[in-house]
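Chains as they are written, first to last, in numbering that gives the first Met the number 0: chain A, 0 to 526; chain B, 0 to 259. Yeah, the Cβ is synthetic: ideal placement off N, Cα and C, and Gly gets one too.
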Amino acid sequence: MNGSLISNAATRVVLALLPWLILAVTLGGTWFTWNHERETTRKALRSQFDFALRETVSRVEQRVQGYEQMLRGVQSLFATTQFRNRAAMHDYVDTLQLDANFSGIQAIGVVEWVPAPRKSAHVAAMRAAGFPNYAIDPDGLREVYAPIVQREPYVGRNRMPPGGDVWADPVRRLALEKARDSGTAAISGKVKLKVDTESVAPPGFIMYLPIYARDKPRDSVEERHAQLIGWVYAAFHMSDFMASLYGNQSPGLVLAMYDGTDADEASLLYRSDGATASGEPSHRAAISANEYMVVANHTWTLALSTHDIFEARYGRGMETVTAVAGTVLGLLLAWLTWLMVTGRDRALRLAEAMTEELRHIAQHDPLTGLPNRALFNDRLNRELARANRQHGRFAMVFIDLDHFKPINDTFGHDVGDQALRQVARQLQDCVRAADTVGRLGGDEFVVLLAELSDTDAILAIAEKLHRAVHQPFIVSGQELSISCCIGVAVYPDDGTDALSLIKNADDAMYRAKEAGRDCVRLCSSTP
Amino acid sequence: MSTRLLFALLVLLGQFGSANGATPDCSRTYTLAFHDHGLLYSAETNAGIDKDVADELIRRSGCKVTVSLMPRARIWQLIESGALDFSLSGIANAERDKFAGFAWYFSNKYYLLVRNDSGVRNLSGFEKNDALQLGVIRSFRYSESANRLVDTLQNGNRVSQAGGLAPLYQTLMAGRIHGMIIEPFDFPALEEKKIREMSTIIEFNDPSVPHGLIMSKKALSVAQQEQWRAIVNGMRADGTMRRIFEKYFNPELATALTNF
Numbered sequence: 000m001n002g003s004l005i006s007n008a009a010t011r012v013v014l015a016l017l018p019w020l021i022l023a024v025t026l027g028g029t030w031f032t033w034n035h036e037r038e039t040t041r042k043a044l045r046s047q048f049d050f051a052l053r054e055t056v057s058r059v060e061q062r063v064q065g066y067e068q069m070l071r072g073v074q075s076l077f078a079t080t081q082f083r084n085r086a087a088m089h090d091y092v093d094t095l096q097l098d099a100n101f102s103g104i105q106a107i108g109v110v111e112w113v114p115a116p117r118k119s120a121h122v123a124a125m126r127a128a129g130f131p132n133y134a135i136d137p138d139g140l141r142e143v144y145a146p147i148v149q150r151e152p153y154v155g156r157n158r159m160p161p162g163g164d165v166w167a168d169p170v171r172r173l174a175l176e177k178a179r180d181s182g183t184a185a186i187s188g189k190v191k192l193k194v195d196t197e198s199v200a201p202p203g204f205i206m207y208l209p210i211y212a213r214d215k216p217r218d219s220v221e222e223r224h225a226q227l228i229g230w231v232y233a234a235f236h237m238s239d240f241m242a243s244l245y246g247n248q249s250p251g252l253v254l255a256m257y258d259g260t261d262a263d264e265a266s267l268l269y270r271s272d273g274a275t276a277s278g279e280p281s282h283r284a285a286i287s288a289n290e291y292m293v294v295a296n297h298t299w300t301l302a303l304s305t306h307d308i309f310e311a312r313y314g315r316g317m318e319t320v321t322a323v324a325g326t327v328l329g330l331l332l333a334w335l336t337w338l339m340v341t342g343r344d345r346a347l348r349l350a351e352a353m354t355e356e357l358r359h360i361a362q363h364d365p366l367t368g369l370p371n372r373a374l375f376n377d378r379l380n381r382e383l384a385r386a387n388r389q390h391g392r393f394a395m396v397f398i399d400l401d402h403f404k405p406i407n408d409t410f411g412h413d414v415g416d417q418a419l420r421q422v423a424r425q426l427q428d429c430v431r432a433a434d435t436v437g438r439l440g441g442d443e444f445v446v447l448l449a450e451l452s453d454t455d456a457i458l459a460i461a462e463k464l465h466r467a468v469h470q471p472f473i474v475s476g477q478e479l480s481i482s483c484c485i486g487v488a489v490y491p492d493d494g495t496d497a498l499s500l501i502k503n504a505d506d507a508m509y510r511a512k513e514a515g516r517d518c519v520r521l522c523s524s525t526p
Numbered sequence: 000m001s002t003r004l005l006f007a008l009l010v011l012l013g014q015f016g017s018a019n020g021a022t023p024d025c026s027r028t029y030t031l032a033f034h035d036h037g038l039l040y041s042a043e044t045n046a047g048i049d050k051d052v053a054d055e056l057i058r059r060s061g062c063k064v065t066v067s068l069m070p071r072a073r074i075w076q077l078i079e080s081g082a083l084d085f086s087l088s089g090i091a092n093a094e095r096d097k098f099a100g101f102a103w104y105f106s107n108k109y110y111l112l113v114r115n116d117s118g119v120r121n122l123s124g125f126e127k128n129d130a131l132q133l134g135v136i137r138s139f140r141y142s143e144s145a146n147r148l149v150d151t152l153q154n155g156n157r158v159s160q161a162g163g164l165a166p167l168y169q170t171l172m173a174g175r176i177h178g179m180i181i182e183p184f185d186f187p188a189l190e191e192k193k194i195r196e197m198s199t200i201i202e203f204n205d206p207s208v209p210h211g212l213i214m215s216k217k218a219l220s221v222a223q224q225e226q227w228r229a230i231v232n233g234m235r236a237d238g239t240m241r242r243i244f245e246k247y248f249n250p251e252l253a254t255a256l257t258n259f
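Rendered as C-alpha cells:
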C-alpha cells in the first residue's frame, strides 16, 4: 500500500517533469544542430575564402611574372646589340605592340649606370644623341648616377626630357641594388612615377632588370657589381596593373594591396570597390586575412576580407532556419506532452467544478441564490439532530410578505423579482453565519436560527427580521416598502421533529396574518 | 655450377653498376627552380646551399638545366603538373609522394620561434593563447607536430600566410605575428642579432625530417629519377655535400645535418 503510494507519487513527479524534459532535450538538440550547421557554414565560408585568397595571390604573381617575362625580352635585346642602340630599343618596344593586356605599363625604359668619373662623358654623349639640353636631374655632385636615358613608347608624357637620376631616390635605389646584386627582376616600393607630373598621382611601382657587360662573368655579387652597365625598367600604375589581372575576383570580396608589410594608408597601393579610405572594409568583415606576398624581390601585403554579399552567396543560411524551426517544434512538442500528461487531472478538476455547480443549482433558489427547500430541510434535520444530542434549543422562523401579489401585478414580474432579491439580501444581513435563510417559493421565506436558547433573543431577532423587510427600497425608480407576517416555532417547546416545527411556525405566521398582518407571532405564546 | 654463379653475379654487378653509374639522359633541357629561403637560397645574392647543390648536380649530370626563382607554392604546383623537373630541399608527405620523387641530402629538426613578449614557454602555450598569430610560408609543410600546430591554428583563423621568410621576420619584429616555424638555415644574415634578442626558440619534439632533391614524377621516369638520385648519393658519399654545408655552418652542425 505504502509502496504503491510512493510509486504513484514518483510517477506523478515524472509526469510533471516530462514536458520540461522534452523541452530541454529538443532545445538541446536544436542547439547542437544549430551549432553544427553554423560550424559547417563557417568552415565552408572559410575554405571558399582561403581558395579566393590563394587564387588572388596566384593571379598577382602570374601577372608580375608576365610583365617580368616581357621585360626579359627587352633585357635580351641588349644581349644582341649595343646598350646605347636607341633605335633598336625604340623598334623593339614598338614591335611588342603593348595592347590592353599590358595596360598597366606607363613606360618601358633604360637607366644607365654612371659613376662620377664618367658623368661628363655621359652628358656629352646624350647631348650628341639628340638631347642638346640634356642634364642629370637632380643636379649636384654624387658618387654615382643612374639617369633615365630612354623612355618608350616615345609618345605623350614619355616624351618628357630624359636625365632623371633614379639612384637619388632611396626607394628606387633599393630595387636597383636588388636587381643588380641578384641578376634578377626587382620591383620598387610605392613611388610617384616620373612621368606623373601632377601633384597627386596614382600609386606606382617600377620593375628593374639589370644589364651587364656582354661576355663577362657574373656568377658572384662582386662580378655582377663590376659588370653592371645599366637597367631596363617598366613603370606601372598599381590600379592599371590590378585591372590587367587575368581571371575574375570572387564577388563579395574586398581587396587592398599595400607596399611592404605595413598595412597603413601611407603604403596603400590599391583598393577594390567597397573598401573605405583606409583600405579597410567598410563594415566588420566575417573573415579577413593578410598575405605577405613576395614578388620580384619585393614584399606586398594583400589584404582580403569578405563582404555581406560573399557570406550571402557562399553561406548556407540554414542556421536561422534550424534555430527557429527547432525551437518552435520543441515548444510545440513540450506543450503537446503537457496537454497529454495533465489531461486526466484537468478533466477531473472540470468534472468536480461542474458537479459542484450542479449541486449548487439543485440546492439553491435560482432567483435569490438562497438555499431551497431541499437544502433547508437538510440543515433543519442536522440542527434537530444536534439539538437533540446536546439538549439545545433553536428556532424556525416563517416569513410571508404582505400584499406581494399586487406588486407583481402593478409593476410587473421584473420588479417583483428584484423586490424578492432585496428582501433575501436584507434577511441574510440580519442573521449569523450559522443561521440559514431559505426561500420556500413565492413570497415565503424561512429562517433557521441555530443554537438559540433564550426566547427573548429569538423574538428580538424575529423583530429585527421584521424591521429589515420593512426597510423601504428603490426598484426601477419606485420606492417600495413591504411588510410581512412572521411566525416563530422553537425547539423543543413547539415540536421535536421537523414536521411539527414547520407546521407550528406556519400556524404562528397565519395567526399573524389573521391579527392584521405586519407583525410577529410566537407559536408557544399563543393560546 | 660455379661458372653459372659467377655469370649471375657479373650480370647483377653489371646492373648495379649501370644503375649507379649511368649519367642522366641529356637529350633535353631540364628546368630547376629555387625558392628564396634563408641560407638555402637568397635571391638578393643569388647564392646559398641549394644553389651550390644545384651547380654541382648540373655539373655532374652534364645536362643543360634552366634555373629560375619561384614561390614555393608555385614550385609544388609545377612539379605536380610536370612543367618543372626539379627543385631542392623538399620534404615528403603522403600527398607529395603521389607526384614527386626525392633524393635526400640533409635532415633537420623544426623549431618554433616565438616573440619573448608573447610569454610562451612551450608549444601548447602558443596553441592555447588565442591572441597569438603564427606566420607560415604558403604551401610549406614541416615535421608531424609542427604540421598539427599549423593545421589547428589555421582552423582557428590564427595563421598568416607569406610568400617567403623576409616578410615573416618583418611582421614578427613588428608584432603582427608572434611566432613562426624555422629550420637551422632560416636566420637571415642581416638582422640576425636583433631577431635572436627578441625571440626564443622552442624545439618540436619530432625526429629530424629528411630534405632532398624534388623530382617531378610526371616529367621524369622512375629510371631517370634513379639516375639523378645516384648523382645526389654520389655527392653525399664523396663528402661534397658535407663540404657545401660547411661553407654555411660550423663543421659539427654541417655533419649533423648531412649524416642521417
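Task: Paired residues, beta bridge with G163(A) - DSSP - done: D136(A)
Open item on the list: At the 8 Å Cβ level, is L87(B) part of the contact set with chain A, yes or no?
Closed with: no
Task: Close beta carbons around A394(A), own chain, < 6 Å, minus the five adjacent residues each side - done: L448, L451, I457, V487, V489
TODO: Specify the secondary structure class of S17(B) as computed by DSSP and reduced to three states.
DONE: For S17(B), the predicted model reports a pLDDT of 40, less than 50, meaning its position is unreliable; a value from the coordinates is still stated below. Here S17(B) sits in helix by DSSP.
Task: Proximity below 8 Å, CB of A161(B) to CB of G178(B) - done: no
Task: A276(A) versus C62(B): straight-line alpha-carbon distance, rounded - done: With a pLDDT of only 48 at A276(A), under 50, the local geometry of the prediction cannot be trusted, and no value is derived from it.
Task: Three-way DSSP call (helix, strand, coil) for E182(B) in this model - done: coil
Task: Contact with chain B by Y291(A), beta-carbon distance below 8 Å - done: yes
Task: Within chain A, the residues that D35(B) reaches when beta carbons sit closer than 9 Å - done: V293, N296
TODO: Please classify F139(B): does DSSP put it in a helix, a strand, or coil?
DONE: coil
TODO: Along the beta strand (DSSP E) that carries F393(A), what are the first and last residues, could you check?
DONE: 393 to 400
Task: Counterpart residues of V221(B) in DSSP-defined beta bridges - done: Looking at the DSSP assignment, V221(B) forms no beta bridge with any residue, so it has no partner.
Task: Where the region 177 to 206 of chain A meets chain B: residues whose CB sits under 8 Å from a CB there - done: K177, D180, S181, G182, T183
TODO: Pull up the distance between the alpha-carbon of A53(B) and that of L76(A), whole angstroms please.
DONE: 28 Å
Task: V43(B) versus S181(A): straight-line alpha-carbon distance, rounded - done: Before going on, a small fix: residue 43(B) reads as Glu here, not Val. In a straight line, the C-alpha of E43(B) is about 5 Å away from that of S181(A).
Task: Burial state of R520(A), where buried means 16 or more other Cβ atoms lie within 10 Å - done: buried
Task: Nearest neighbour of H36(B), chosen from G81(B), P183(B), V64(B), G100(B) [CA to CA] - done: P183(B)
Task: Environment of H297(A) [buried if 16+ CB atoms lie within 10 Å] - done: buried
Task: DSSP-derived helix/strand/coil call for P280(A) - done: Note that P280(A) scores a pLDDT of 47, beneath 50, so its modelled location is shaky; the value from the coordinates is reported in the next line. Of the three classes helix, strand and coil, the one that applies to P280(A) here is strand, per DSSP.
Open item on the list: I want to verify the contact list: residues of chain B whose CB lies under 9 Å from the CB of T55(A), in sequence order.
Closed with: Within chain B, no residue comes near T55(A); the closest Cβ sits about 11 Å away, beyond 9 Å.
TODO: Quick one: grab the DSSP three-state call for P152(A).
DONE: coil
Open item on the list: The alpha helix (DSSP H) that contains A93(B), what's its start and end?
Closed with: 93 to 96
Open item on the list: Would Y247(B) pass as an interface residue toward chain A - the criterion being a Cβ-Cβ separation below 8 Å?
Closed with: no
Open item on the list: Considering Cα atoms alone, identify which of T336(A), I286(A), V109(A), L479(A) is closest to I210(A).
Closed with: V109(A)
Open item on the list: Among Q421(A), C483(A), A497(A), whose alpha-carbon lies nearest the alpha-carbon of F472(A)?
Closed with: Q421(A)
TODO: Please confirm whether T300(A) and A173(B) have their CB atoms less than 8 Å apart.
DONE: no
Open item on the list: Let me check one thing: in DSSP terms, what residues is A488(A) bridge-paired to?
Closed with: M395(A)
Open item on the list: Please state the DSSP three-state secondary structure of V119(B).
Closed with: coil
- [ ] From the DSSP output, read off the bridge partner residues of N107(B).
- [x] V208(B)
Task: Partners in chain A for Q43(B), counting only beta-carbon separations shorter than 8 Å - done: Checking the sequence shown, residue 43(B) turns out to be Glu, not Gln. Chain A residues near E43(B): K177, D180, S181, N296.
TODO: Tell me H536(A)'s beta-bridge partners as DSSP assigns them.
DONE: The first residue shown for chain A is 0 and the last is 526, placing residue 536(A) beyond what the model contains.
Task: Residues from the region 192 to 219 of chain B in contact with chain A, defined by Cβ distance under 8 Å - done: none
Open item on the list: Cutting at 7 Å between CB atoms, please list the residues of its own chain near Y82(A), excluding the five before and the five after it.
Closed with: Note that residue 82(A) is Phe in the sequence shown here, rather than Tyr. Counting only Cβ-Cβ distances below 7 Å, and skipping sequence neighbours, we find I210, I228, G229.
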